[in-house]
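> So for the sequence shown, the working numbering puts the first residue at 1440; every next one is plus one.
Yeah, the Cβ is synthetic: ideal placement off N, Cα and C, and Gly gets one too.
In this text, all values refer to a predicted model and were calculated from it rather than measured experimentally.
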Amino acid sequence: MEPIELPAEANPLTALNLFNVLSRADVFVDRALPLEIRYLAIIQLKNGIDKYWRRHAHNSISREDRSLIRSRLLESGAGEPNQRLAIQNALVISKIVRYDYPTEWPDVMSSIVLFLRKSLQEPNTNPLYLPRTLLILLYIIKELTRVRLQRSRANLQSVAPEAFNIIGQIYVDKVQRWKNFLEGGGEDEGGAIENIEQSLLTIRVIRRLLITGYEFPNRDKGVREFWTILRMHFAYFLSIVVRDSQMLADEVQGLVESHLVQISKLYLDMAKGNATAFVLLPDSATLLHAYWGLISKFGETFGSKTAITSVQKRSANGEKGCNEDTPILERLCLKGVLLLRACVRMLFYPAQSIRYRQGEEKEEQKEAKEILKTQLLTDGLVREIVEVLVARFFVLREKDLQEWQEEPEEWEKTEEGEGDAWEFAVRPCCEKLFLELVINYKELLIPPLLSVFASVSTPEVKNILFKDSVYTAIGLSAAVLNGRLDFDAFLTSTLVAEVQKKQPGYSILRRRIAILIGQWVAVKISSSNRVTVYQIFQYILDKDDSLNDLVVRVTAGKQFKNVIDDWDFEVDLFVPYLPGTLGRIMALVGEVDLTETKMALLSVVAVAVERLGHHVSPYVEQIISMLPPLWARAGEEHLLKQSILAIFIKLIESTGVESRQFHSVVLPLVKMTLEPGSEMQAYLLEDTLDLWEITLKQTPSPASVDLLSLVPYIFPIFESGTMNLRKALSIVESYVVLAPKEMLSDQMRGMMFASFASILGTLKPEANGIVAHLVEIIVSAADGLGGEQAVGIVGSGLVESGFLTKLCLGLHASWESHQTTGPNKKHAPIEGIVETDYFTVLARLALTNTRVFVTALQTVETSLGQTFEEMMEWLLTEWFGHFWNIGHPVQRKLNCMALTRLLEANQKWILGRMQDLMTVWTDVITDLVEDGVEQVIPSLAFISED
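See below:
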């Protein structure tokens, strides 16, 4: 093999150079090269598509090179012998199709269909053409599906019928071939497996093509015919894996099961994405009934009445439970439950669209709803579904109880079903289906549900698993049962007794009782029973009770958040139980291992601190003492550290000025995050700034040395210009208010003004206003500390840092803009509220001390190349002209008084503005009179004694 030589300009080697060289050298299609080189080439090509393929991209590939690459890709990919290279090649083609089809590569889909047709009709065709072309088509459809543009969808839909026609033939042919082999036998086992693999790949393509390639698949004759064939195939495949599973090789068994899963995904995707078409396709109601039959049959073996005893025996003998993959029947049952839920939702919560619907489409939707009501979701079937769900699928299995003991945290997290996790487990998915049914069929389902509940809701009933399943249903339907079930009576008469039982297996009920109360507390639990609720949670959070295992306590800890975050939560009632409950939850945080669990429990503590307010003060020290060790153990778990910082924020806010005693714990955390080069800044900066800010606001004067030592860490945030700039400015403002003398010292003043100068003029109006307000505060603080001398030092600092010069340059450019009109009008860099903020800074300085103001501007004049008189001429012109754009009353009065005080200078540049000053005075006094502030008028006028 000859080495590939890069041109001299490829040194240093860049991604673009490597991409171009590998592309032009046809490395990815040269099968004589080693696999590693070809793989590197195709990966580089795939990564370069997004960067360099577009015509308008920087250093884009030439039109000729794009055409060359396209011409080689499809042909080489169709015959690629290596599976890994074939996949990458398909990915590259799909990315190119996304950009170039149909404008620059109009024949790509017809070429793919031609390859497929040849592989079906010509026996001597390369056997790789079929699987590789199907793979390419699969990735093309995937890529076009991701595109949101309607044009791309329309392009795919235009070729879908032709492609589906040939792909459907291939699928039926391949299935028939391996079906004949299984039923009649034969010697070509390798050919049969190849047919199964190809039919599986084909159904994967069909699944996506039917969902994306058709807007109304139910109107297409070919789709309707294929739908009927597919239902028969589903029944046949299911009979194979159920009846003949022992006779099949593991590889064949897995492939047939994959067929079932793909068909189930097709049904589910169609029901979710095109509900009307799903219902109107042939025999869909029969299909749904068949699915329910499968679910009901599977439910007979889902739960186990002897689960508790079996697990206890196995645990006593030190045996581990089986950890097998999810069986195919359970996976199909899960898809069936999701399908039924999708049908309920399409009936009661149809998808909304802004697209105009033709009359035919509206009639189809009405017809689909009528089919669901009359042929599927009848009263009898709905009652049967709910009965089966509660009696079979809500019951904990032996596998669940085994995982409860072996991996308690993982099992508890899975059962919680946060986010979309419920879609991947049967029981959480059944709970969602039950909730949809009980909400929409409440009048039908509530009476039998209450009847079953009455039969088990006494302490004497010993069937723990069934009772747990009924309590699950009662908790899920809490909002629906409100007013029909006296939960307060049930709490005092039954739950209090059951939670105290010590028999084996009652840990299951303790967990369920915690969940049940968490679900009902927001619905209806009276104030008189709140104390009982607190006692129950304190009881089941007790680690010394053997029945309160880790699952029970973690569940109780999480559910307690619903109790204290309720609208009717009364602090005084809970205070006696605060130390025990909160202490046990904090101890539990240190006991668990999963980061998600720690964060969930810490969020409970944060909510408790927020709701309890000052009542938590006696226990703050105990809580805070637990946080540093937890922080140290967190390591690189930055999400957990965010939760810890959130608790610190709540604690500091709750304790007020007393929080100063915790600075020794809080300030090192702030410093640790803000130190230059700290990796934690990327994850914790925002939360750390929040903690720093609240700490400053709650700290009384004087500020400690440790608190002041953190000031230099704030200025790099100004330079970074991040979203945290506003918080950084707020922190500086708090420092100026808390420790003005230290902040105006020589060491701090220069850094602070330099930071302000660096960001002035680059900010959004709101942030710019914060900077201006901060400078105002500094000027006022200096006046209070040292009078004219201190203000003079601040004025010099503003000039030396370039802040005042930058401010005046912005105002001068705005003045120049206002002097020009028409085509030659200059752009104003600042205007509106930003210009108001600029003048407010000058007004504060002038009002505080006129001499310092004049001296500062005389220093700035050299930067503008003007005399002081010239500078004051345009500045006052712009100032008086902008006065009428100042909307805030406080800023209007401030600017009025500042302009008035300039008369102390007794100079021509201000004395010649008497007319403007009279106009300003009149306007401001008029505003005051209109606001009913007549008593302040004498203070704005000179009253003669004569």
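Quickly, what does DSSP pair residue 1921 with across the bridge? List them, please.
Residue 1921 pairs with 1924.
> Taking residue 2113 and residue 2174 to be in contact with their CB atoms under 8 Å, please state how far apart those CB atoms are, rounded to whole angstroms.
Between residue 2174 and residue 2113 the Cβ distance is about 14 Å, and since that is not below 8 Å, they are no contact.
> If you reduce the DSSP assignment to three classes, tell me which class residue 2357 lands in.
Helix.
> Using CA atoms only, rank isn't needed, just tell me which of 1658, 1988, 1682, 1909 is closest to residue 1715.
Ranking the options by Cα distance to residue 1715, first place goes to 1658.
> Which same chain residues end up closer than 8 Å to residue 2387 when comparing Cβ atoms and leaving out the 5 residues on each side of it in sequence?
What the structure shows of the chain is the stretch from 1440 to 2385, and residue 2387 is not part of that stretch, so it cannot be assessed.
> In the DSSP assignment, find the alpha helix (DSSP H) that holds residue 2028 and state where it starts and stops.
2017–2030 is the extent of the alpha helix (DSSP H) around residue 2028.
> Return the chain-ordered list of same chain residues with a C-beta closer than 7 Å to the C-beta of residue 2104, the five sequence neighbours on each side being excluded.
Excluding residues within five positions, the ones whose Cβ falls inside 7 Å are 2063, 2067.
> Buried or exposed, going by whether 16 or more other CB atoms sit within 10 Å of the CB of residue 1959?
Result: buried.
> My parser needs the alpha helix (DSSP H) runs of 4 or more residues fully inside the segment 1641–1701; what are they?
Whole alpha helix (DSSP H) segments, 4+ residues: 1660–1682.
> Could you tell me the alpha carbon to alpha carbon distance between residue 1701 and residue 1825, rounded to whole angstroms?
So the alpha carbons of these two residues sit roughly 27 Å apart.
> Is residue 1914 buried or exposed, if buried means 16 or more other CB atoms sit within 10 Å of its CB?
So residue 1914 ends up on the buried side.
> Using 10 angstroms around the beta-carbon of residue 1994, count the other beta-carbons present and answer buried if the total reaches 16, otherwise exposed.
Answer is buried; the Cβ neighbour count reaches 16.
> In whole angstroms, give me the CA-to-CA distance for residue 1472 and residue 1482.
One C-alpha to the other measures close to 15 Å.
> Under 7 Å Cβ to Cβ from residue 2325, same chain only, skipping five residues before and after it: list those, please.
Excluding residues within five positions, the ones whose Cβ falls inside 7 Å are 2275, 2331, 2334.
> Could you tell me whether the Cβ atoms of residue 1807 and residue 1888 are closer together than 8 Å?
No. Outside cutoff.
> Judging by CA-CA distance, which residue of 1503, 1474, 1487, 1569 is the nearest neighbour of residue 1517?
Checked all of 1503, 1474, 1487, 1569; the closest Cα to residue 1517 is 1569.
> Could you tell me if residue 2172 is buried or exposed, where buried requires 16 or more neighbouring beta carbons within 10 angstroms of its beta carbon?
Buried: at least 16 other Cβ atoms inside 10 Å.
> Is it the case that the segment 2002–2018 contacts the segment 2044–2055, given that we only count it when at least three CB pairs across the two stretches are under 8 Å?
With the cut-off at 8 Å, the segment 2044–2055 and the segment 2002–2018 touch.
> Mind checking residue 2186: buried by the 16 CB within 10 Å criterion, or exposed?
So residue 2186 counts as exposed.
> When you compare each of 2319, 2002, 2327 to residue 2339 by their alpha carbons, which one comes out closest?
Minimum Cα distance to residue 2339 is reached at 2319.
> Along the chain, which unbroken stretches of the alpha helix (DSSP H) at least 4 residues long are found entirely within the segment 2211–2269?
Whole alpha helix (DSSP H) segments, 4+ residues: 2242–2257.
> Using 8 Å as the cut-off, can you tell me whether the segment 2094–2111 makes contact with the segment 2129–2147, which would need three or more C-beta pairs spanning the two stretches below that distance?
Segments in contact, yes.
> Going by CA-CA distance only, name the one from 2126, 2110, 2071 that's closest to residue 2089.
The residue with the shortest Cα to Cα distance from residue 2089 is 2126.
> Would you kindly work out how many angstroms separate the C-alpha atoms of residue 2336 and residue 2095, rounded to a whole number?
Roughly 38 Å separates the two Cα atoms.
> Quick one: Cα of residue 1667 to Cα of residue 1721, how far?
Spanning the two alpha carbons is a distance of roughly 6 Å.
> Have a look at residue 2221 and residue 2236 and give me their C-alpha separation to the nearest angstrom.
Rounded to whole angstroms, residue 2221 to residue 2236 spans 12 Å at the Cα level.
> Extract the residue ranges of the alpha helix (DSSP H) inside the segment 2265–2353, only unbroken runs of 4 or more that lie entirely within it.
Counting only runs of 4 or more, we get 2272–2287, 2289–2303, 2307–2321, 2328–2340, 2347–2350.
> Determine the closest residue to residue 2120 out of 2101, 2080, 2005, with distance taken between C-alpha atoms.
Closest by alpha carbon: 2080.
> Going by DSSP, what residue range makes up the alpha helix (DSSP H) through residue 2182?
2179–2182 is the span of the alpha helix (DSSP H), which, as asked, contains residue 2182.
> Can you tell me the Cα-Cα spacing of residue 1464 and residue 2082, whole angstroms?
Note that residue 1464 scores a pLDDT of 38, beneath 50, so its modelled location is shaky; the value from the coordinates is reported in the next line. If you take the alpha carbons of residue 1464 and residue 2082, they lie about 54 Å apart.
> Got a sec: is the Cβ-Cβ distance from residue 1657 to anything in chain C below 8 Å?
Given the protein chain composition of this structure (a single chain), no chain C is represented.
> Could you work out which residue in 1631, 1942, 1571, 1799 is closest to residue 1616 when comparing CA atoms only?
Here the closest residue by C-alpha is 1631.
> Does DSSP put residue 1504 in a helix, a strand or coil?
Looking at residue 1504 - three-state DSSP - the assignment turns out to be helix.
> Does the separation of the CB atoms of residue 2142 and residue 2167 fall below 8 Å?
Contact flag unset, no.
> Should the segment 1841–1854 be called in touch with the segment 1889–1896, which here means at least 3 C-beta pairs below 8 Å?
No contact exists between the segment 1841–1854 and the segment 1889–1896.
> By alpha-carbon positions, which one of 2308, 1605, 2367 ends up nearest to residue 2351?
Looking at the Cα atoms, 2308 is the closest of the given residues.
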